[in-house]
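Trainee:
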Amino acid sequence: MVKKVVMPRLSLTMKEGTIGRWYKKEGDTVEKGEPLVEVLSEKATYDLEAPASGILRKIFVKDGEDAPVNAVIAVITAPNETFTETEIIQPPKIKERKIIASPAAKRLAKEYGIDLSLVKGSGPEGRIVEDDVKRFIEESRGVLPKVKEKIVLSGLKKTSAERVSKSFRTAPHSTVVMDVDFSKAMEIHEKLKASYTSIIVKTVAEALKENPIVNSTLDGNVIKIFEDVNIGVAVATEKGLIVPVIRNADKKSIMEIDEIIQELTEKAREGKLKKEDLTGGTFTVTNLGMYNVDFFMPIINPPEAAILGVGKIREKPVVINGKIEVKPIITLSLAFDHRIIDGAPAARFLQKIKEKIEALTE
1 MVKKVVMPRL SLTMKEGTIG RWYKKEGDTV EKGEPLVEVL SEKATYDLEA
51 PASGILRKIF VKDGEDAPVN AVIAVITAPN ETFTETEIIQ PPKIKERKII
101 ASPAAKRLAK EYGIDLSLVK GSGPEGRIVE DDVKRFIEES RGVLPKVKEK
151 IVLSGLKKTS AERVSKSFRT APHSTVVMDV DFSKAMEIHE KLKASYTSII
201 VKTVAEALKE NPIVNSTLDG NVIKIFEDVN IGVAVATEKG LIVPVIRNAD
251 KKSIMEIDEI IQELTEKARE GKLKKEDLTG GTFTVTNLGM YNVDFFMPII
301 NPPEAAILGV GKIREKPVVI NGKIEVKPII TLSLAFDHRI IDGAPAARFL
351 QKIKEKIEAL TE
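Counting from 1, one number per residue, gives the positions in the sequence shown under the working numbering.
1) When the Cα of A306 is compared with those of V293, S216, L360, E130, which residue comes out closest?
2) Taking 8 Å as the threshold (C-beta atoms), are G54 and P35 in contact?
3) How many Å lie between E187 and E238 at the Cα?
4) With a 10 Å radius around its C-beta and 16 neighbouring C-beta atoms as the bar for buried, classify D294 as buried or exposed.
5) Ordered along the chain, which non-local residues of its own chain (more than five positions away) have a Cβ less than 7 Å from that of I353?
6) Take T77 and list the residues in its own chain whose beta-carbon comes closer than 8 Å to its own, dropping the five residues that flank it on each side.
7) Could you give the DSSP three-state label for P91: helix, strand or coil?
8) Is it true that the CB of T286 sits closer than 8 Å to the CB of D228?
9) Please classify M290 as buried or exposed, where buried requires at least 16 other C-beta atoms within 10 Å of its C-beta.
10) Please look up how many angstroms separate the CB atoms of S167 and I340, rounded, as I've assumed it's under 8 Å.
11) Quick one: what's F283 bridged to in DSSP?
12) Between A346 and L334, how many whole angstroms is the CB-CB distance? I'm expecting something under 8 Å.
13) What does the Cβ neighbour count give for Y196, buried or exposed, with the cut at 16 atoms within 10 Å?
14) Between the C-alpha atoms of E31 and A50, what's the straight-line distance to the nearest angstrom?
15) Could you tell me the boundaries of the alpha helix (DSSP H) in which F136 lies?
16) Assuming G343 is part of the alpha helix (DSSP H), what are its boundary residues?
17) Check for me: the beta strand (DSSP E) holding I225 runs from which residue to which?
18) Which of the three DSSP states is assigned to P79 in this structure?
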């Protein structure tokens with residue numbers, strides 16, 4: 001009995017693996033099913049089990065060395081059995097080859113993310129046809145997920161993707177998080193029938209006037225602090241995320257802000273927003289509380305300096321004057337551009353929002 005131990009394929013795109021370490025050395029007794037060697041790929045670490053009981057007679061690939069998929073990396077024999085290395089047929093090294101495939105085969109391979117160099121072609125001169133790819137998929141069933149739908153990034157989604165990517169690449173994000181007692185805000189909500197977002201926008205606008213460095217942008221090496229307080233409110237639509245702007249929010253009442261938000265949200269979902277509705281923002285508020293999110297780390301809406309994330313209202317025990325009380329709490333997350341705003345000013349700004357929310361009156 002001469003049993004070959006071969007390099008396993010840990011993923012469809014894996015061409016070779018690396019030996020992490022052998023758990024046994026040459027001459028050791030091994031039992032079928034026990035961990036024999038640690039194998040590494042780009043995506044996984046795997047303990048390969050011994051395929052048979054016997055003696056680990058020869059190790060061909062040492063710790064830290066690479067070998068192609070299906071290459072013989074070791075041999076197990078019966079206790080008193082010998083072998084010659086010529087009996088062990090090593091597969092050829094992986095060579096780059098020209099891939100000849102039909103357009104249909106290429107489309108299917110692209111859809112499933114398959115490396116065509118792993119597919120054996122049945123056509124003339126090894127040409128890969130669609131059936132070859134289908135067969136490869138069937139043989140790999142359970143490993144490769146099937147694509148249900150493709151969504152091409154275009155229009156609003158493409159623009160949004162480009163903006164957030166640029167934001168994260170260019171602006172070093174930092175975030176501070178704070179819990180806020182939302183009792184007063186809930187009372188105002190009940191009395192005025194205004195949305196929670198409107199109430200938060202009003203308090204944010206007032207806090208921005210008192211903390212102007214947050215209401216700014218970076219232009220080259222110059223920080224520009226805005227006089228106007230124009231707050232964008234993130235709105236989810238079928239076409240993607242849109243941020244219509246409430247201009248001079250600091251000069252408006254909660255009810256005025258609420259009416260504007262309702263109007264802009266309706267226009268956003270009907271695709272009727274104008275250029276002036278979407279430009280000129282100096283700060284953004286994004287609320288995911290209605291989606292049962294406790295808190296999250298938002299991405300700054302460029303070229304602004306900061307963005308406020310709002311989580312859901314949840315009951316939480318808090319200690320007040322030595323006694324435990326249950327209060328409605330929301331968590332606010334302020335993401336800010338650390339090139340413009342340091343941690344302490346960011347914390348002071350968030351603290352000011354907290355104070356204003358907790359001290360709300362009509």
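Note that the Cβ used here is the ideal one computed from N, Cα and C, for glycine as well.
Mentor: This is what the structure gives:
1) For the purposes of this step, residue 306 is taken as the residue at position 306 of the sequence shown. Checked all of V293, S216, L360, E130; the closest Cα to A306 is S216.
2) Mapped onto the sequence shown, residue 35 falls at position 35. Mapped onto the sequence shown, residue 54 falls at position 54. No, Cβ-Cβ distance for P35 and G54 is not below 8 Å.
3) Residue 187 sits at position 187 when you count from the first residue of the sequence shown. Residue 238 sits at position 238 when you count from the first residue of the sequence shown. Going by the C-alpha atoms only, they are around 32 Å apart.
4) Working through the sequence shown from its first residue, we reach residue 294 at position 294. Exposed.
5) As a working note, residue 353 is residue 353 in the sequence shown. Only T203, V204, A207, L332 meet the Cβ criterion.
6) Position 77 of the sequence shown, counted from the first residue, corresponds to residue 77. Same-chain partners within the cutoff: M1, V2, K3, G54, I55, R57, F83.
7) Along the sequence shown, one-based indexing puts residue 91 at 91. Residue placement at P91 is poorly supported in this model, since its pLDDT is 46, which falls under 50; the coordinates are not used for a value here.
8) In the sequence shown, counting from the first residue as 1, residue 228 sits at position 228. In the sequence shown, counting from the first residue as 1, residue 286 sits at position 286. Taking 8 Å as the Cβ cut-off, D228 and T286 do not qualify as a contacting pair.
9) Here residue 290 is taken as the residue at index 290 of the sequence shown, counted from 1. Exposed, since its Cβ has fewer than 16 Cβ neighbours within 10 Å.
10) For the purposes of this step, residue 167 is identified with residue 167 of the sequence shown, where counting begins at 1. For the purposes of this step, residue 340 is identified with residue 340 of the sequence shown, where counting begins at 1. Between the beta-carbon of S167 and that of I340 there is about 13 Å, and that puts the pair past the 8 Å contact cut.
11) Walking along the sequence shown from the start, residue 283 turns up at place 283. Note: F283 sits in a beta bridge opposite I231.
12) Working through the sequence shown from its first residue, we reach residue 346 at position 346. Working through the sequence shown from its first residue, we reach residue 334 at position 334. Rounded to whole angstroms, the Cβ separation of A346 and L334 is 6 Å, and the two are in contact under 8 Å.
13) The residue given as residue 196 occupies position 196 in the sequence shown. With 16 or more other Cβ atoms inside 10 Å of its own Cβ, Y196 counts as buried.
14) Working through the sequence shown from its first residue, we reach residue 31 at position 31. Working through the sequence shown from its first residue, we reach residue 50 at position 50. Distance between the alpha carbons of E31 and A50: 7 Å.
15) In the sequence shown, counting from the first residue as 1, residue 136 sits at position 136. It spans 130-139 - the alpha helix (DSSP H) in which F136 sits, taken as one unbroken run.
16) One-based indexing of the sequence shown puts residue 343 at position 343. Looking at the DSSP string, the run of the alpha helix (DSSP H) that includes G343 is 343-358.
17) In the sequence shown, counting from the first residue as 1, residue 225 sits at position 225. Start and end: 222-225.
18) As a position in the sequence shown, residue 79 is number 79, starting the count at 1. The answer is coil: DSSP assigns P79 none of H, G, I, E or B.
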